[in-house]
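Q: In the UniProt record's numbering, the protein residues as written are 1 to 168.
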Amino acid sequence: KGLCAVKLSSWYNFYVGTGECTYSDPSSWEEWASNQEELDAILYGYGFSYAHRRHVSLESPYPDVRFAEDAPFFLGLRNLYGSDKVALLRDEIGICVHIMHRANSAQVLGAYDIDDEDIDELAIAKLTAFKLYRAAASLAAQQDESVVGSAIRDVIEALRALVCAEEK
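1. Just to confirm before moving on: does the CB-CB distance between residue 89 and residue 4 stay below 8 Å?
2. On the CB-based measure, 16 or more other CB atoms within 10 Å of its CB, does residue 133 come out buried or exposed?
3. Okay, do the region 44–63 and the region 12–20 touch, 3+ Cβ pairs below 8 Å being the bar?
4. Residue 138 by DSSP, collapsed to three states: which one?
5. Check the DSSP bridge columns for residue 52 and list the partner residues they point to.
6. Please classify residue 78: does DSSP put it in a helix, a strand, or coil?
7. Taking the alpha-carbon positions, what's the residue 26 to residue 139 distance?
8. List the whole-angstrom C-beta distance separating residue 95 from residue 123, where the pair is believed to meet the contact cut-off of C-beta under 8 Å.
9. Between residue 38 and the rest of its own chain, which residues show a CB-CB distance below 8 Å, the 5 nearest in sequence each way excluded?
10. Identify the continuous alpha helix (DSSP H) that holds residue 113 and give its terminal residues.
11. What is the DSSP secondary structure of residue 18, counted as helix, strand or coil?
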């Protein structure tokens, strides 16, 4: 196609703390984008979800800023090369998953939740790294349940002891 760059316009998110997966489609984020300019800033932002040829960043370097360089960079590429050379691509099969963790700077809205069976069908699901993320999230959830269950048992035992002490 002769593309200079491609940017996902929708994507999957995986939350390492919970093991949940969502699908984000910024075109449905009316509360975040009330006009096309705001929507473009979202669509061309989120740097995890783009790729470009090396020469384009040499000809039009990233802005020298501490944060949020992705949207200005990609919008600049679109202005320089045109929309036919800087493409938006909807990810409907899971070629890329945004790994969400505590240190993420991005705020992401999930258009809808993805169940475990559908996660298994994503293109990325067979990759070892993604399998490890899912296993770690599952283990963390089991440990959380164990800790919560243990804490609940301790509270119940303490309440029983109080009730027994009051009955005597």
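Don't be surprised by glycine CBs; every beta carbon is placed ideally from N, CA and C.
A: Inspection of the coordinates gives the following:
1. Translated into the one-based positions of the sequence shown, residue 89 becomes position 89. Translated into the one-based positions of the sequence shown, residue 4 becomes position 4. It is not a contact, given that the beta carbons lie outside the stated cut-off.
2. The count along the sequence shown starts at 1 and reaches residue 133 at position 133. Buried is the call here.
3. no
4. Position 138 of the sequence shown holds residue 138. Helix, per DSSP.
5. Translated into the one-based positions of the sequence shown, residue 52 becomes position 52. BP columns for residue 52 point to 5.
6. As a first step, residue 78 must be located in the sequence shown, where it is residue number 78. If DSSP states are grouped into helix, strand and coil, residue 78 belongs with the helices.
7. Taking the first residue of the sequence shown as 1, we reach residue 26 at position 26. Taking the first residue of the sequence shown as 1, we reach residue 139 at position 139. Between residue 26 and residue 139, the C-alpha separation is close to 31 Å.
8. Counting from 1 along the sequence shown, the entry for residue 95 is found at position 95. Counting from 1 along the sequence shown, the entry for residue 123 is found at position 123. Contact holds; Cβ gap of about 5 Å.
9. One-based indexing of the sequence shown puts residue 38 at position 38. Excluding sequence neighbours, residue 38 sits near 32.
10. Residue numbering aside, residue 113 sits at position 113 when the sequence shown is read from its first letter. First-last for residue 113: 112–114, but that is the beta strand (DSSP E), not the alpha helix (DSSP H).
11. Position 18 of the sequence shown, counted from the first residue, corresponds to residue 18. Looking at residue 18 - three-state DSSP - the assignment turns out to be coil, as it is neither helix nor strand.
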